[in-house]
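Student: Let me give you the structure first, and then I'll get to my questions.
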Amino acid sequence: MWMHTHDTLAKRLGLILTRLNMGERLVLETLSQDYGVSVRTLHRDLNERLGYLPIQRTGSTYYLNPRYLGRSSKSDIKPVLDILGLSKIFPAYDALSFSRLYI
Numbered sequence: 024m025w026m027h028t029h030d031t032l033a034k035r036l037g038l039i040l041t042r043l044n045m046g047e048r049l050v051l052e053t054l055s056q057d058y059g060v061s062v063r064t065l066h067r068d069l070n071e072r073l074g075y076l077p078i079q080r081t082g083s084t085y086y087l088n089p090r091y092l093g094r095s096s097k098s099d100i101k102p103v104l105d106i107l108g109l110s111k112i113f114p115a116y117d118a119l120s121f122s123r124l125y126i
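Numbering (the working numbering), first residue to last: 24 to 126.
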């Protein structure tokens, strides 16, 4: 159970990172439906777990500061995996591998 929960969290955070980096504006209510989690969980994801990123907010819409779009690298995902204790599961820190997980 523990690993499944963290796998789901890592997948969700990786997908959110990818979507933000592609310039999407993410609305909490829509994300809640997409990932099957509460708006409160997503608020925590964006404000705490991904708080090191230059994420901007307008109401319940979150987006990456446009100056930073396209700048993601493997090192951007590493802190998230380290915090979650999943670095050994995803040693390549490859953002594209996260998008392949969303099946």
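All C-beta atoms in this analysis are idealised placements derived from N, C-alpha and C, irrespective of residue type, glycine included.
Which of helix, strand or coil does DSSP assign to L73?
Tutor: Position 50 of the sequence shown, counted from the first residue, corresponds to residue 73. Three-state result, L73: coil.
Student: Under a three-way DSSP split, which group does R80 fall into?
Tutor: Taking the first residue of the sequence shown as 1, we reach residue 80 at position 57. R80 falls in the strand class under three-state DSSP.
Student: Taking the CB atoms as reference points, tell me whether L36 and L51 lie closer together than 8 Å.
Tutor: The residue you call residue 36 lines up with position 13 of the sequence shown. The residue you call residue 51 lines up with position 28 of the sequence shown. Result no, Cβ atoms of L36 and L51 do not sit closer than 8 Å.
Student: Could you pull out every residue in the same chain whose Cβ sits closer than 6 Å to the Cβ of Y86, ignoring the five residues on either side in sequence?
Tutor: Counting from 1 along the sequence shown, the entry for residue 86 is found at position 63. So the qualifying residues of the chain are R48, Q79.
Student: Assign D68 to one of two classes, buried (16 or more other C-beta atoms within 10 Å of its C-beta) or exposed (fewer than that).
Tutor: Here residue 68 corresponds to residue number 45 of the sequence shown, with the count starting at 1. It counts as buried.
Student: My understanding is that L128 touches I39, with C-beta atoms under 8 Å, so please give their C-beta distance in whole angstroms.
Tutor: With the chain covering 24 to 126 only, the question about residue 128 has no answer from this structure.
Student: Closest to P102 by CA distance: which of P89, S83, T84, Y75 is it?
Tutor: Within the sequence shown, the letter at position 79 stands for residue 102. Selected option, being the one with the closest Cα: Y75.
Student: Please return the same chain residues whose Cβ sits closer than 7 Å to the Cβ of S61, not counting the five positions on each side in sequence.
Tutor: For this step, residue 61 is matched to residue 38 along the sequence shown. Answer for S61: S55, listed in chain order.
Student: Run through the DSSP bridge pairs and tell me what V50 is partnered with.
Tutor: Working through the sequence shown from its first residue, we reach residue 50 at position 27. BP columns for V50 point to T84.
Student: Could you give the DSSP three-state label for T61: helix, strand or coil?
Tutor: Here residue 61 refers to the residue found at position 38 of the sequence shown. Position check: residue 61 holds Ser in this sequence, whereas Thr was assumed. In this structure, S61 counts as coil in the three-state DSSP scheme.
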